[in-house]
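Below: the structure, in structure tokens.
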Amino acid sequence: MTNDIYGPFPGGAAFPDPSWSAALTQGQRARYEELGTNLDVVEQRIADACAAVGRARDEVTLIVVTKTYPAEDTALLAGLGVTDVAENRDQDAAPKAEQCRNLPLDWHFVGQLQTNKVRSVVRYANHVHSVDRLRLVESLSAAVLKSERPELGCLVQVALDKEHGEGAHRAGVAPEDVAEITDAIADTPGLRLDGVMTVAPLAGPLAGDPARAFERLTEIATAVRTAHPAATMVSAGMSGDLEQAIAAGATHVRVGTAVLGVRSPLR
Numbered sequence: 056m057t058n059d060i061y062g063p064f065p066g067g068a069a070f071p072d073p074s075w076s077a078a079l080t081q082g083q084r085a086r087y088e089e090l091g092t093n094l095d096v097v098e099q100r101i102a103d104a105c106a107a108v109g110r111a112r113d114e115v116t117l118i119v120v121t122k123t124y125p126a127e128d129t130a131l132l133a134g135l136g137v138t139d140v141a142e143n144r145d146q147d148a149a150p151k152a153e154q155c156r157n158l159p160l161d162w163h164f165v166g167q168l169q170t171n172k173v174r175s176v177v178r179y180a181n182h183v184h185s186v187d188r189l190r191l192v193e194s195l196s197a198a199v200l201k202s203e204r205p206e207l208g209c210l211v212q213v214a215l216d217k218e219h220g221e222g223a224h225r226a227g228v229a230p231e232d233v234a235e236i237t238d239a240i241a242d243t244p245g246l247r248l249d250g251v252m253t254v255a256p257l258a259g260p261l262a263g264d265p266a267r268a269f270e271r272l273t274e275i276a277t278a279v280r281t282a283h284p285a286a287t288m289v290s291a292g293m294s295g296d297l298e299q300a301i302a303a304g305a306t307h308v309r310v311g312t313a314v315l316g317v318r319s320p321l322r
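Numbering (this note's numbering), first residue to last: 56 to 322.
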């Protein structure tokens with residue numbers, strides 16, 4: 056893959072040997088340094104947030120959300136030591152994952168997932184954070200079993216605003232329905248229940264208060280672990296609220312803008 060800034064795709068046979076970076080073009084080198092600087096800032100924020108609440112830094116995994124940005128950025132991130140990346144649209148994620156198939160990356164799918172995209176998503180995703188209905192559980196299981204791939208990690212997306220009668224048409228499961236979905240995942244072949252995920256709500260009494268929202272998610276996550284002790288992932292927090300998520304107990308934070316910037320995406 057090439058584009059006007061980068062030139063040849065960074066991530067060939069030499070990767071991840073340190074010598075791979077010597078082949079970067081001038082544009083690639085500049086972007087590599089930009090991403091590295093941004094990553095350092097985010098890593099310090101995570102470390103500070105962990106220290107503030109007495110957590111070890113290694114309790115929190117950074118997932119870099121690479122949506123709308125090119126595969127070249129994903130390769131450069133891998134070169135900087137990023138191990139977990141996320142996408143939210145299969146039509147963008149599938150070709151990007153194929154382009155980056157030789158890189159040591161753990162792929163997370165975090166967007167609303169339609170059943171007609173499931174067969175594609177299970178080809179590259181190691182975790183799906185947005186499981187929110189029984190039909191999707193069934194479709195994911197069927198696709199995994201047909202592909203004969205390893206188990207797919209699943210997180211239930213919790214829509215906290217639905218607890219208060221808001222967001223009826225938005226993605227996610229109401230808190231009172233979480234147990235039904237988590238039990239279904241745990242009992243379905245080909246799937247592994249990893250935990251829960253949320254986005255700070257835009258409506259309801261928790262809107263504008265990510266700290267309280269993430270504390271509520273932690274309560275839900277604790278109940279899930281009581282029934283399913285291995286479901287330890289709590290995916291919460293993004294560029295603007297990762298500190299509050301970590302304070303509440305998030306194990307995975309999903310950060311895009313703070314790492315990749317707000318420049319016009321390369322398409």
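C-beta atoms are modelled at their ideal positions from N, C-alpha and C, and glycine is treated no differently.
Opposing strand residues paired with residue i [DSSP bridges]
i	result
His-283	Paired residue(s): none; His-283 is not in a bridge.
Trp-162	Val-140
Leu-210	Gly-250
Val-186	Val-211
Val-228	Val-213
Beta-carbon proximity of residue i to residue j, cut-off 8 Å
i	j	result
Val-279	Val-251	yes
Ala-266	Ala-234	no
Leu-94	Leu-135	yes
Thr-116	Asp-139	yes
Leu-158	Ala-141	no
Ala-104	Leu-297	yes
Asp-249	Gly-208	yes
His-182	Thr-237	no
Arg-247	Ile-118	no
Thr-306	Met-288	yes
Pro-230	Leu-210	no
Buried versus exposed, by CB contacts within 10 Å (16 or more), residue i
i	result
Ser-202	exposed
Glu-88	exposed
Ala-285	exposed
Val-192	buried
Arg-86	buried
Gly-169	The sequence given here has Gln at residue 169, not Gly. Exposed, by the Cβ-count rule.
His-224	exposed
Gln-212	buried
Gly-295	exposed
Ala-78	exposed
Gly-166	buried
Ala-180	buried
Arg-156	exposed
Gln-99	exposed
Asn-143	buried
Gly-263	exposed
Assigned secondary structure, residue i (DSSP; H/G/I helix, E/B strand, else coil)
i	result
Ser-290	strand
Val-310	strand
Leu-215	helix
Gly-250	strand
Val-119	strand
Gly-109	coil
Val-177	coil
Val-317	coil
Met-56	Per-residue confidence for Met-56 stands at a pLDDT of 34, beneath the threshold of 50, marking its modelled position as unreliable; no derived number is given.
Glu-127	helix
Asp-238	helix
Gly-259	coil
Gln-154	helix
Leu-135	coil
Any non-hydrogen atom of the ligand SAH closer than 7 Å to residue i Cβ
i	result
Glu-193	The ligand content of the structure shown is nil, which means the ligand SAH is not present either.
The stretch 100-119 in contact with the stretch 289-302 per 3-pair CB rule at 8 Å: Contact annotation: the stretch 100-119 touches the stretch 289-302, with at least three C-beta pairs closer than 8 Å.
Is the stretch 144-164 in contact with the stretch 174-184, if contact means three or more CB pairs nearer than 8 Å? Enough Cβ pairs lie closer than 8 Å, so yes.
If contact is defined by three or more beta carbon pairs under 8 Å, each pair taking one atom from either stretch, is the stretch 126-135 in contact with the stretch 194-211? Contact fails: fewer than three Cβ-Cβ distances are below 8 Å.
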